[in-house]
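Chains as they are written, first to last, in this note's numbering: chain F, 1 to 479; chain A, 1001 to 1440.
Data block below; observations after.
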Amino acid sequence: MLIPLLDVLQSVPVLGFLSVTMTIWLALFPTTELGIELASVFAIFTSQVWNMTFAFYQSLVTQPRDLDEVARLLRLTRWQRFWRLDVPHGVIPLTWNGMMSFGGGWFFLVASEVISVNNETFALPGIGAYVAAASEQEQIGRLLLAIVTMICMILVVDVVFWRPLTAWMERFRGGDTGPAEPQRSIVLDLLRRSNLPRLLGRALRPAGWLLDRITRVFGVTDRPLHVDAARRRIGDTVFTVVVLALLAWGLVEMLLYIEMRTGLGEVVVATGLGLVTFGRVVILLVVASIVWVPVGLWIGLDPTVTRIAQPVVQVLASFPANFLFPFVTLLLLHTGIGIDAGGIVLMALGSQWYILFNVIAGASAIPDDLREAATMLRLGRRQRWRTLYLPAVFGSWVTGAVTAAGGAWNASIVAEIVSYGGHTLEATGLGAYIARATETGDAARTLVGVAVMSLFVVGLNRVFWHRLYALAASRFSLT
Amino acid sequence: MTVLAPTRHAPLLEVDRISRSFPGADGSALTVLDDITVTIRDGEIVALLGKSGSGKSTLLRTIAGLIAPTSGEVRYRGAPLTGANPGASMVFQSFALLPWLTVQGNVELGLRAAGLPAEECRERALAAIDAIGLDGFETAYPRELSGGMRQRVGFARAFVTQPDLLLMDEPFSALDVLTSENLRGELTDLWGSPDFPTSSICIVTHNIEEAVLLADRVLVLGANPGRIKDEVTIGLSRPRDRHDPAFEALVDRLYAILTGREPRQESLPVPSAGPLNTPLPAAGVDGMAGLVELVHGAGDSVELPDLAESLLFEVDDLLPLVDAAGMLGLLATDGAAVRVTETGASWQRAGILDRKAAFATLAENRAPLVRTIVTALRATPGGVIREGFFRDLLRRGYSAADTEEQLDIAIDWGRYGELFHYDAVRGSLGLDDPDPGGHR
């Protein structure tokens, strides 16, 4: 029951969400910067928390049965089970997820530092606001400076945080063997050789034991053998009814509100605009796939190239694309290409890397046996692509394309209206609709826009991507 | 163990008329364990012996208090279980070590769960590690160890809490032959030593020799539904010698019990035999052909234990092949002896195409599920049916996993005999040749 809800929540476009929550935070903390600061932190939080929760849930569900049985037979306390079994088992998916959402986080951070609500523009001290101001005043030098700073920042965070973390978490990998080429991190090696971990360990151990004791009151991790089926059924029913009632109430309230403020006809308008943006997303996916699948395969099939290119792509993927928007806008202004087409480029700047990233990973996972077999069978280039490479990376491509599509929907909110200096370009589309509504403080239209966009994203996930996932798993899985 | 249950003089463990069933797809119940009563007393090793699918692991988990019986109850020292058995610890086939904890961390886990002080945890864990021959590996992680070493950690973790009852779920079957032989020997030695911490052992196995080597009593479980078929007391003194005639006699007797008294398809299946009450044994065509060839090579008749030993096979690997070949009438069994039938001999001599044709006839006449599929396909205009139809049919009598297995076996046999073909993309079965009896 909660799982579809979580699935929906993680698909809702965060930028649209941001404008809605901003109003709430401003109401709570008027006149101070704290309100905007909190709103911006809240936006980043919502952009990450749902898929982290989802990842942890997935890891709980996929826990090996015998480890669960060991925990119960040894009568671990709930606290011990959580730290010895649940958390270690979930560390790897949580870290990867955190890393991916962190990249996306930069994007939202930059977008949320300058935001217009109710015809008022708020700016927080930060690099995002710096870029916005530079773009306003047409200072290309400062823009370049900001980009260099950002790259440095991403590199530093990668080296001192994510690298050590990913190298360290290798020990939580289940199964018999470690990976052929383990992640290495100089920072982690340095830390390991220093006295710091030992000292910290010594200092914290008594606290750990104490906590271990105190938390015994939460009881052991066993579950009773016999449950009262009738009582449980009643509990389930009550829960379902309450949730459904809340949902229905919210829906009715929302529709009434929209009807009162703008009329339900607005939903049709927004849906029409949504179709236009949908068209952009489709074109983006098709073009990005045609360009990046071959490139990704080329990189992934050659281990040397992979080793060099993968970190670069990782950084590119976490680089907030909105830093580049002023340049593309300038280009569009000069060449006279309309924003209706140019918007696709803007949206692609951030999202295309997911496809490349995943295809590289997929290509490097193609077993050598199969490649050798293809060589021995003297398959021509075309045949080799059709029978081996493309089917083998299909699963990874789906994963990348889903993420890219989600990112593109999100990006449309900032990419369909752009300005440089005194010029503003506005495209026809749902993203521009939401951005415009937020700017003028039209809460009803913002709500309509965000709701329609969420429907598009969730609907496409359910109808289209889930099927591709199933197909990839049943036909094109390499295991 | 430190737990003192209400009545110390009650039997260590009583399994009192338990049954366990899982709900089928259409609400009908699928019985895995049927009316089982077992008593485990202090100071004995009991082996639960059975083929795969006989529910022996389910029985062990019920004893461990990990799953609840549908009816009946399990009592530890006279007190009915309400959760994980407080007097038991378990050794797993898959070792079930936490990969992110060191050897010492894994062994200490149960002691820390009991809330013992840090120093005592450490001392007792190191002593247990020492006793099982893992000295020097305290700080190693499980993935750095070989399978045998990992299972030693599993033993140490189980011993260290000094449980009353040690449960072992096929503890040696994930290890290679030599390692498992070695570990079995060490277990026997430990059992014989005066300071062995546990009072009784209950071991699940499909290996007959293992049961005779270790146990004081062997309970043989039959399949569909799982019930206790027979109980054999092993009166031999330890250490036991595999070549002792008394030992061999016991092994032969257990083989006969395990294979002999099952309803065997010596002749054509009785008319009522359908896909739901007569499952196809999990065996591939190549395996059956290999077995027939081996038996033929050994002079058309062979004792199963000898065959298994010469192949370094275990009975669990061999029995599905024997059952399948028996169902198709290629082999006939008599107690522990197997012989090639007339049909089997001619089948074995035939060339590839004739062999396929002969197999098709046998499978269609003798394998109930294959016959059902072929009949249904012939009765359908166009001769194509979605596999979901048969899946729904099978779900009335099998669990989801067993349904898939049954379908896979039937498809494998039918494809080999060119009775029908299978389209994995559409998930449909279709007649190869709508003309009955004719083969390409």
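Glycine included, every Cβ here is placed at the ideal spot set by N, Cα and C.
In this text the structure is predicted, and so the values were computed from the model without any measurement.
- Contact check for P224/F against T1233/A fails: the beta carbons are separated by 8 Å or more.
- Remark: C-beta atoms of S47/F and V14/F approach each other more closely than 8 Å.
- In the DSSP annotation of this structure, the continuous segment of the alpha helix (DSSP H) that includes L1183/A starts and ends at V1177 to G1192.
- The stretch 346-354 of chain F makes contact with the stretch 412-419 of chain F: 3 or more CB pairs, one atom from each, lie closer than 8 Å.
- Note: I1045/A is bridge-paired with I1201/A in the DSSP secondary-structure output.
- Counting only runs of 4 or more residues that sit fully inside the stretch 243-303 of chain F, the alpha helix (DSSP H) segments are 265-301, in chain order.
- Within the stretch 216-229 of chain F, those residues whose Cβ lies closer than 8 Å to any Cβ of chain A are, in chain order, R216, V220, D222, R223, P224, L225 and H226.
- Residues of chain F whose Cβ lies closer than 9 Å to the Cβ of Y1416/A do not exist, since the nearest Cβ in that chain is about 23 Å away.
- P1117/A carries a coil assignment under DSSP once its states are collapsed to helix, strand and coil.
- Note on geometry: alpha-carbon atoms of A1298/A and L1330/A lie some 15 Å from one another.
- Fewer than three pairs of CB atoms, one per stretch, sit closer than 8 Å, so the stretch 243-260 of chain F makes no contact with the stretch 369-386 of chain F.
- Considering only G1185/A, E1044/A and A1131/A, the residue with the shortest C-alpha distance to R1242/A is G1185/A.
- Contact check between the stretch 255-271 of chain F and the stretch 432-445 of chain F: three or more CB pairs, one atom from each, fall below 8 Å, which counts as touching.
- Rounded to whole angstroms, the gap between the alpha carbons of R1355/A and L1362/A is 11 Å.
- For M1149/A, there are no C-beta contacts with chain F under 9 Å, since the nearest C-beta of that chain is about 13 Å from it.
- A contact is defined here as three or more CB-CB pairs under 8 Å, and the stretch 1037-1057 of chain A meets this definition with respect to the stretch 1197-1216 of chain A.
- Under the three-state reduction of DSSP output, G219/F falls in the coil class, being neither helix nor strand.
- The beta-carbon of S1021/A is placed no less than 8 Å from the nearest beta-carbon of chain F.
- W397/F is not a Cβ neighbour of G350/F, given a cutoff of 8 Å.
- The beta carbon of R193/F does not come within 8 Å of any beta carbon belonging to chain A, so the residue lies off that interface.
- Within its own chain, the residues whose Cβ lies closer than 7 Å to the Cβ of G431/F, once the five positions on either side in sequence are excluded, are T277, S412, I413, A415 and E416, listed in chain order.
- With respect to V70/F, A1096/A sits close: the two C-beta atoms are nearer than 8 Å.
- The beta carbons of P197/F and L191/F sit closer together than 8 Å.
- Per DSSP, the unbroken alpha helix (DSSP H) holding H1296/A starts and ends at V1285 to G1297.
- Rounded to whole angstroms, A1158/A and P367/F show a C-alpha spacing of 40 Å.
- Chain A places no beta carbon closer than 8 Å to that of F394/F, leaving this residue out of the contacts.
- Only residues of its own chain outside the window of five on either side were considered, and among them V1107, A1128, I1129 and I1132 have a CB closer than 6 Å to the CB of A1156/A, listed in chain order.
- With fewer than 16 other CB atoms across the displayed protein chains lying within 10 angstroms of its CB, I186/F is exposed.
- In the three-state reduction of the DSSP assignment, L74/F falls in the coil class.
- Taken through DSSP and simplified to helix, strand or coil, L1429/A comes out as strand.
- Secondary structure of R1396/A (DSSP, three-state): coil.
- Beta-bridge annotation (DSSP): L1165/A is paired with A1088/A and S1200/A.
- Contact note: Y1141/A reaches chain F through R171, using a C-beta cutoff of 9 Å and chain order.
- Exposed is the label assigned to M153/F, since fewer than 16 other Cβ atoms lie within 10 Å of its Cβ.
- Counting only residues of its own chain and dropping the five nearest sequence neighbours on each side, G1274/A has a CB closer than 6 Å to the CB of P1368.
- Scanning S1200/A, A1336/A and N1277/A for the CA closest to the CA of E1014/A turns up S1200/A.
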